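Notes follow once the structure below has been shown.
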Amino acid sequence: MKNILIISAIAIIGFTSCKNEKKESKVIEVVEKVDNTEKTNELFEEFKSLYDELLSFKGKSDFKKFGFGKGGKYNKWLSNVEDLKNNPDSKLLLQKGVLAGELELLGFAYVGSKGKETEVSKSFNKVFSEAISSKPVEKVETASGNSNYDKLKSEYKLFGKWKITNTTVKSSYPYEIYKKGTEFIGVIPKDEYKTENIIKKGNKYSVKGNKYGEYYIINSSKEMTLFDKGGELKSMGYIATKE
0 MKNILIISAI AIIGFTSCKN EKKESKVIEV VEKVDNTEKT NELFEEFKSL YDELLSFKGK
60 SDFKKFGFGK GGKYNKWLSN VEDLKNNPDS KLLLQKGVLA GELELLGFAY VGSKGKETEV
120 SKSFNKVFSE AISSKPVEKV ETASGNSNYD KLKSEYKLFG KWKITNTTVK SSYPYEIYKK
180 GTEFIGVIPK DEYKTENIIK KGNKYSVKGN KYGEYYIINS SKEMTLFDKG GELKSMGYIA
240 TKE
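Take 0 as the starting number for the sequence shown in numbering that gives the first Met the number 0 and just add one per residue.
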């Protein structure tokens, strides 16, 4: 009987000790925050280099004739893009608003069109050029992660929120417009918190200084339709959904 009691006591102590160890292990578990800024910039530089290279040869006669055929001089470009696309870190390019797979699709679009511009190539070039030309906004750690955005929300009234989707490449981003008197400011509330000044004339909201002549038609129900100087962007895969 005494032996049974001793064995039981040892078992209870062991079980209790095991539980305490589990609790302690949970207490000391720490999640390390990783800064991927440098890696993201390296990948983006590689993306830009490949993009510039594509633009430099898309109109050449040998590319129009052979495309990315094996043994051809431009097959190496395709291999480099595929390597970038297959890089596990390439998803970081989303922080810049682009994907390696989109660059590959642009290349094949030029193969199919013999280097000529199409609605597909115009769509990709628009996305890439805006991503490359956009300037980062100074960031300070605040509630949202960006002091300029928090200041905008405190001084301006929210006019509307939408999700802008590019159905061609199946990507999207949030978009908001804020108002103070007759002044309107649009912002993409993520990553670099890019802002743009908007000029309102009736139900037409034009992006000031945009080289593509982009503007939005917003009705009384806050439904938004996207346009540029070439016409409605729905034909290029862009749609806005009210949120």
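By construction, the Cβ of each residue, glycine as well, lies at the ideal position given by its N, Cα and C atoms. This one's a predicted model, so the numbers in the text were calculated from it and none came from an experiment.
Going by DSSP, which residues form a beta bridge with LEU225?
TYR215
Three or more C-beta pairs below 8 Å linking the stretch 146-157 and the stretch 108-128
no
By Cβ distance below 7 Å, which residues in the same chain neighbour TYR50 in space, the five residues on each side in sequence not counted?
LEU102, PHE127
For LYS221 and LYS241, believed in contact at Cβ under 8 Å, the rounded distance
5 Å
List the whole-angstrom C-beta distance separating GLY236 from ASN165, where the pair is believed to meet the contact cut-off of C-beta under 8 Å.
5 Å
LYS193, buried or exposed, once every other Cβ within 10 Å from all chains shown has been counted against 16
buried
Label LEU93 either buried or exposed according to how many other C-beta atoms from any shown protein chain fall within 10 Å of its C-beta, with 16 as the threshold for buried.
exposed
Rounded to the nearest angstrom, what separates ALA130 and THR36 at their Cα positions?
16 Å
Please report the distance separating the alpha-carbon of ASN209 from that of SER48.
24 Å
Nearest candidate by alpha-carbon position, reference GLY248, set SER171, LYS169, ILE197
The structure shown does not extend to residue 248, since the chain is modelled only from 0 to 242, so the question has no answer here.
Status (buried if at least 16 other CB within 10 Å, exposed otherwise) for LYS95
buried
Let me check understanding here. Comparing Cα to Cα, which of GLY159, GLY201, VAL206 lies closest to PRO188?
GLY159
Separation of LEU225 from TYR172, as counted between CA atoms:
14 Å
Would you report the Cα separation of LYS64 and LEU98, rounded to the nearest angstrom?
27 Å
In the DSSP assignment, what residue or residues form a beta bridge with GLU182?
LYS179
For SER205, which three-state DSSP category applies?
strand
Could you tell me the distance, in whole angstroms, from the CA atom of VAL168 to the CA atom of LEU105?
11 Å
TYR244: first and last residue of the uninterrupted alpha helix (DSSP H) it sits in
No answer is possible for residue 244: the residues shown for the chain start at 0 and end at 242.
Residues in the same chain with beta-carbon distance under 7 Å from TRP161, minus the five sequence neighbours each way, listed in chain order, please.
TYR174, MET223, ALA239, THR240, LYS241, GLU242
Distance between LEU157 and VAL262 (C-alpha atoms, nearest Å)
Given that the chain is displayed from residue 0 to residue 242, the structure contains no residue 262 and the question cannot be resolved.
Which ranges does the alpha helix (DSSP H) cover as unbroken runs of at least 4 residues, wholly within the stretch 53-96, from first to last along the chain?
60-65, 74-85
Quick check: the Cα distance between ASP82 and LYS90, rounded to an integer number of angstroms?
13 Å
Cβ distance (whole Å) where LYS199 is taken to contact GLY114 below 8 Å:
Between GLY114 and LYS199 the Cβ distance is about 40 Å, and since that is not below 8 Å, they are no contact.
Look at the alpha carbon of ILE184 and the alpha carbon of SER234, and state the distance between them as a whole number of angstroms.
26 Å
So, under 8 Å CB-CB, TYR214 and LYS203 are touching, yes? Tell me the CB distance rounded to an integer number of Å.
6 Å
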